[in-house]
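This report refers to the structure that appears directly beneath it.
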Amino acid sequence: MKRKHLFLVAALIWLTPGLIITIKGLKIFLRTFDAISWWMILVVLLTLAFFYVIFAKVVRKYSLRISSLPEPSHIIKTFSPQAWCLLLLMMGLGFLMNRLTFLPEAFKASFYLGLGPMLLLSAGKFFSSFIDK
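Following this note's numbering from start to finish, the sequence shown increments by one per residue and tops out at 153.
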């Protein structure tokens, strides 16, 4: 697979959970809209800031990785083995968080509305690299 297409693969891998999490957050937010409080907004802002810092570094790292791969490269080389394991761990944690009934719905909505858009932004950066190549 051409390097250019590996950027598209990376974008789709980040876009999919980004859309799912953002939509889930919006659905919960709309259900709990009348109970919006300052702490919900604070959780959204803190989550956005936290994941912006983390994901900006990750996107840079894997963009450099993809750019340095020989052409053609296998799709599995888009990310390192550690990154694939981390991806699976994050998915598992996401499923677990969804099942935890003791977490308030308002917290889940706030967290999802911080995480989802940052995943979408990261996907956009990978997609931008795809377009530029």
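Ideal Cβ placement from N, Cα and C applies to all residues, glycine included.
Lysine 24: first and last residue of the uninterrupted alpha helix (DSSP H) it sits in | Along the sequence shown, one-based indexing puts residue 24 at 4. Note, lysine 24: alpha helix (DSSP H), 23-51.
With a cut-off of 8 Å, do at least 3 Cβ pairs link the stretch 27-44 to the stretch 96-116?
-> Between the stretch 27-44 and the stretch 96-116 there are three or more inter-stretch CB-CB distances shorter than 8 Å, so the stretches are counted as touching.
Three or more C-beta pairs below 8 Å linking the stretch 139-152 and the stretch 45-64 = As far as the Cβ criterion goes, the stretch 139-152 does not touch the stretch 45-64, which means the pair count is below three.
First and last residue of the uninterrupted alpha helix (DSSP H) at leucine 65 = Counting from one through the sequence shown, the residue named residue 65 turns up at place 45. Run containing leucine 65: 58-88, per the alpha helix (DSSP H) assignment.
Do you know whose CA, among Glu91, Leu65 and Asp54, lies nearest histidine 25's CA?
-> Taking the first residue of the sequence shown as 1, we reach residue 25 at position 5. Measuring from the Cα of histidine 25, the nearest candidate turns out to be Glu91.
Could you give the residue range of the alpha helix (DSSP H) that holds aspartate 152?
-> Sequence index remark: in the sequence shown, residue 152 carries index 132 (1-based). Unbroken alpha helix (DSSP H) run through aspartate 152: 125-152.
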